[in-house]
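Visitor: Residue numbers (our numbering): 259 to 365. Heads up, the beta-carbon is just placed ideally off N, CA and C, and yes, glycines get one too. My questions will all concern the structure given below.
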Ligand SMILES: [Zn+2]
């Protein structure tokens, strides 16, 4: 059975046995949402997204280009490849660097 995660998204069509799945496992989501393009899918069940946002320096009153990488867990019921546009939600830390989970793949 698919759980209601509290956000209106297209639910995955198949079920999975993943413990860390917001739809079929015990993982709950809270906090921030982040959507972006997948920049890496080499790791097993983990993808990377690049977040680009300007950083403001008060001393110089100017912006600099900031870049950070977000690691997100891919549940067993969602297929993601590099280049996809995905929506991720913040969750409890799954590992040292992973605290986001993919909840939807956008067309
Ligand atoms: Zn699932």
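Just mark residue 280 as buried or exposed, buried being the case when its beta carbon has 16 or more other beta carbons within 10 Å.
Guide: Here residue 280 refers to the residue found at position 22 of the chain shown. Residue 280 comes out buried.
Visitor: Give the straight-line distance between the Cα atoms of residue 270 and residue 362, rounded to the nearest whole angstrom.
Guide: Here the question's residue 270 lines up with position 12 in the chain shown. Here the question's residue 362 lines up with position 104 in the chain shown. Straight-line Cα distance between these residues: approximately 8 angstroms.
Visitor: Taking buried to mean at least 16 other C-beta atoms within 10 Å of its own C-beta, is residue 291 buried or exposed?
Guide: As a working note, residue 291 is residue 33 in the chain shown. Residue 291 comes out exposed.
Visitor: Would you check if the region 262-278 and the region 311-321 touch, i.e. whether three or more CB-CB distances between them fall below 8 angstroms?
Guide: The answer is no - the region 262-278 does not touch the region 311-321, with fewer than three Cβ pairs under 8 angstroms.
Visitor: Cβ-heavy atom distance between residue 315 and ligand 1 below 6 angstroms?
Guide: On the chain shown, position 57 is the one that residue 315 refers to. Not under cutoff, so the answer is no.
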